[in-house]
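Start counting the sequence shown at 1068; every next residue gets the next number (our numbering). I have placed the structure first, in the form of structure tokens, so that the comments after it can refer back to it.
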Amino acid sequence: MREGDVSLARDATDEDDSMIRRRSYATASGLNKKTLIDAVAAETGETKASVGRVLNACFDVIGATVQSGDKVAISKFGTFARKTRAARDGRNPMTGAPLKIPATDYPSFSASSTWKDAVAGKK
């Protein structure tokens, strides 16, 4: 392994469904990027700096891939994609004048059935 490479404590494809453990790292306000980095560092034994770099790289790759129009499918988690909202007619709320609302692209996420079942308590 080269310097700077990150090794995980366990393979993400292990059958123990490690991503769906009952352990909670969330704070009262939820899980933010900093607490996510802290949790991954605790789980893997890697440094927070190393985990932060990897997490930032993952977000960058996912963002660039979706922006280019391709999907990012992560097994047992979900799919990130770019969708297009069709052009439509609208009205100016101040004057009531009709206007054309142009088509727009937006990012979307669809959770996998495995993750949906885990959140619903079915597994």
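Backbone N, C-alpha and C define an ideal beta-carbon position, used for all residues, glycine too.
Open item on the list: Looking at the secondary structure, which residues open and close the beta strand (DSSP E) in which Gly1157 lies?
Closed with: 1155-1158
TODO: Would you give the residue range spanned by the beta strand (DSSP E) that Gly1140 belongs to?
DONE: Reading off the sequence, residue 1140 comes out as Ala, not Gly. Unbroken beta strand (DSSP E) run through Ala1140: 1139-1141.
- [ ] Return the chain-ordered list of same chain residues with a C-beta closer than 8 Å to the C-beta of Leu1122, the five sequence neighbours on each side being excluded.
- [x] Answer for Leu1122: Lys1100, Leu1103, Ile1104, Val1107, listed in chain order.
Open item on the list: Tell me whether the region 1174-1188 and the region 1130-1150 touch, counting them as touching only if at least three CB pairs, one residue from each stretch, are closer than 8 Å.
Closed with: At 8 Å Cβ cutoff, the stretches touch.
Open item on the list: To the nearest angstrom, how far is the alpha carbon of Arg1158 from that of Ala1170?
Closed with: Straight-line Cα distance between these residues: approximately 15 Å.
Task: The beta strand (DSSP E) enclosing Ser1117, as first and last residue numbers - done: First-last for Ser1117: 1115-1134, but that is the alpha helix (DSSP H), not the beta strand (DSSP E).
TODO: In the DSSP assignment, find the alpha helix (DSSP H) that holds Leu1103 and state where it starts and stops.
DONE: 1100-1111
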